[in-house]
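Line order of the protein sequences matches chains A and B.
Going by full-length UniProt numbering, 162 is the number at position 162 of the first sequence; the sequence numbering is gapless.
Going by full-length UniProt numbering, 34 is the number at position 34 of the second sequence; the sequence numbering is gapless.
Quick notes on the structure that follows.
There are 2 protein chains.
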Amino acid sequence: MSYQRMASDSPVARASCTQCHLPELCLPRSLPCGELLELADIALVSSPIQRGGIIFKSNSPFRAIYAIRSGMVKQYYECSDGQQKILGFYLPGEMLGFDGIAKGRHQYSAATLETTTICELNYEELKWVCSRTERLDERFHCLMSQEISKENESLLLLKSKTAEQRLAIFLNSLSCRYKQLGYSANEFKLSMSRAEIGSYLGLTIETVSRLFSRMQREGLIESHHHTLRILDPTHLHALCSEQC
Amino acid sequence: MSYQRMASDSPVARASCTQCHLPELCLPRSLPCGELLELADIALVSSPIQRGGIIFKSNSPFRAIYAIRSGMVKQYYECSDGQQKILGFYLPGEMLGFDGIAKGRHQYSAATLETTTICELNYEELKWVCSRTERLDERFHCLMSQEISKENESLLLLKSKTAEQRLAIFLNSLSCRYKQLGYSANEFKLSMSRAEIGSYLGLTIETVSRLFSRMQREGLIESHHHTLRILDPTHLHALCSEQC
DNA sequence: CGGCAACTTGATGCTGGTCAACATTTGTGG
DNA sequence: CCACAAATGTTGACCAGCATCAAGTTGCCG
């Protein structure tokens, strides 16, 4: 794995939000056509960024919000000892970078987990468009609100779920998000390593590995290489909603 | 403890943000005077709400954002078995309720921990004012961004800190926030119960209690009834920044 | 094919949870 | 204002889930 160039080094092109297949998820959702065109005017699409490409580094000046167009991105905190703590994974149609607005700097780093294309939305320009199109501003509020909700759920997960429940909820969440994107809900690629999953769920590599083995032994899932197949979605779902 | 009436039952009055002693923290921060007046025009101040008063209930329709004017508020998830999982504590100048924007309903409940007055900002009116005053809209983005940052820090805390570090960080955070409000940084009232602290930090009552005892034995803090005194701020600080 | 990173599996131990008994504080009604 | 009940907090004994340490296996890339 290599973390070479910044995303901003990649050649970019103006986006055409009207022709993107994700507008029902991303910022444009339910925007009238006119506002869509204004948005497209400020969105820059990157060329494909390979696995390990850095989108932004923690502490770098905040300039833009990013939307994933294809591929997958991880956001993480870098410890002083070089260790990474994963804060979240982002799939197509999802946005990241909001935490930089308040402090003017990115608080965390973001890197691609597979070949990925992103849309870059310059915040100053975005604000300008927002101030003129009320619907877009509202949509922007919604997305930040969603991010807050998502994190609240993660907090609840970490506070009161067992290791097995955490992994079940994680796999289920990926399944739902892929389904929403039109992909198979029960078979997809796990681009992240065991270490990254563990870091995200507050568990060690070993625990994650043991859980995968056990779930496989019990006929819940099938996993080899980086392909995951959910064999018993009902049971997986039951695990997710166990207890409180 | 009794959870009687909704905050919305309380008599209310128009706020005068210009005369509030919190404008350097709350939504008005660094707003020009004109915009402050527009904001004041939509802010409703509640009369004092006693301990245990409900500000909003989970699943109720989202109508407003709330700013704490004095006192303290907890936000929590209610489990099906009646148990509460605390998501956060809010002090004067802090705002809550953002998570309701996306779904149109409050995802969680909020209640007062002591006699509290709040400012209610109707979201529809707030959007209207935001759309006409760019600075306010920007400030609103900042506050949501701050909330996201705060939660990311909580996530990191839950993932990789020991029980002792968690409590130290919690006490330190309260200390800083009180200081910023102009109160003593080293002596304040802990309005929340051991159960609430535990729930917030992902620990049990017993663990929290033992930690308080130990920290007291070690001369770090002094705590009786609900008063906390930090005797050795340096040591407390050291605990917070231990390790990664 | 060799070397290294990622993953798996087992043995052992520690942190914090659970259960239980008791102490202290708070709230209520006479 | 006191007496009592209920809620909250403290402390101890014990236990379990997950971390840590260690050794081996698999898969990937030059």
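Each residue gets a CB set at the ideal place from its N, CA and C atoms; glycine is no exception.
Residue i at chain A interface by Cβ criterion, 8 Å
i, result
"Ser8 (chain B)", "Low confidence applies here, because Ser8 (chain B) scores a pLDDT of 49, under 50, leaving its location unreliable and the question unanswered by this model."
"Leu155 (chain B)", "yes"
"Phe98 (chain B)", "yes"
"Asn152 (chain B)", "yes"
"Lys179 (chain B)", "no"
"Tyr77 (chain B)", "yes"
"Lys127 (chain B)", "yes"
"Ser2 (chain B)", "Per-residue confidence for Ser2 (chain B) stands at a pLDDT of 34, beneath the threshold of 50, marking its modelled position as unreliable; no derived number is given."
Interface partners of residue i on chain B, CB under 7 Å
i, result
"Gln84 (chain A)", "Chain B residues near Gln84 (chain A): none, gap ~10 Å exceeds 7 Å."
"His141 (chain A)", "Ile101"
"Lys159 (chain A)", "Lys85, Leu158, Gly202"
Neighbour list for residue i in chain A, Cβ cutoff strictly below 9 Å
i, result
"His237 (chain B)", "What His237 (chain B) touches in chain A: nothing, since even the nearest Cβ is about 16 Å away."
Cβ-based burial, residue i [other Cβ within 10 Å; buried from 16]
i, result
"Arg166 (chain B)", "buried"
"Arg177 (chain B)", "buried"
"Gly82 (chain B)", "exposed"
"Thr112 (chain A)", "buried"
"Thr227 (chain B)", "exposed"
"Asn152 (chain A)", "buried"
"Leu37 (chain B)", "exposed"
"Pro32 (chain B)", "exposed"
"Ala102 (chain B)", "buried"
"residue 250 (chain B)", "No information on residue 250 (chain B) is available, as it lies outside the stretch 1 to 244 that chain B covers here."
"His141 (chain A)", "buried"
"Pro92 (chain A)", "buried"
"Asp41 (chain A)", "exposed"
"Ala43 (chain A)", "buried"
"Gln107 (chain B)", "buried"
"residue 258 (chain A)", "A query on residue 258 (chain A) cannot be resolved here, the shown segment of chain A reaching from 1 to 244 and no further."
"Cys26 (chain B)", "buried"
"Gln243 (chain A)", "exposed"
"Pro61 (chain A)", "exposed"
"Arg217 (chain B)", "exposed"
"Ser191 (chain A)", "buried"
Chain B within 8 Å of residue i, Cβ atoms only
i, result
"Gln146 (chain A)", "yes"
"Cys130 (chain A)", "yes"
"Asp137 (chain A)", "yes"
"Glu134 (chain A)", "yes"
"Leu211 (chain A)", "no"
"Val12 (chain A)", "no"
"Thr234 (chain A)", "no"
Residues that DSSP places opposite residue i in a beta bridge
i, result
"Thr234 (chain A)", "Looking at the DSSP assignment, Thr234 (chain A) forms no beta bridge with any residue, so it has no partner."
"His224 (chain B)", "B:Thr227"
"Phe188 (chain B)", "B:Leu228"
"Ala13 (chain A)", "A:Val45"
Partners in chain B for residue i, counting only beta-carbon separations shorter than 8 Å
i, result
"Ile26 (chain A)", "Note that residue 26 (chain A) is Cys in the sequence shown, not Ile. None at all; the shortest Cβ gap to chain B is about 14 Å."
The ligand NAD heavy atom lying under 7 Å from the CB of residue i
i, result
"Ile55 (chain B)", "Among the ligands in the structure shown, none appear at all, so the ligand NAD cannot be discussed."
Proximal residues of chain A, C-beta to C-beta of residue i below 8 Å
i, result
"Ser149 (chain B)", "Asp99, Ala102, Lys103, Gln107"
Within chain B, the residues that residue i reaches when beta carbons sit closer than 9 Å
i, result
"Tyr66 (chain A)", "Chain B residues near Tyr66 (chain A): none, gap ~14 Å exceeds 9 Å."
Which ranges would you report for the beta strand (DSSP E) in the UniProt domain "Cyclic nucleotide-binding" (27-121) of chain A if only whole runs of at least 3 residues count?
43-46, 54-56, 64-70, 73-78, 84-90, 109-112
Next item on the list: Jot down the residue ranges of each uninterrupted beta strand (DSSP E) in the segment 159-217 of chain B, minimum 3 residues, whole runs only, in chain order.
Entry: 187-189
task: Let me know the alpha helix (DSSP H) ranges lying completely inside the segment 121-163 of chain A, each 4 residues or longer, listed in chain order.
output: 123-132, 134-160
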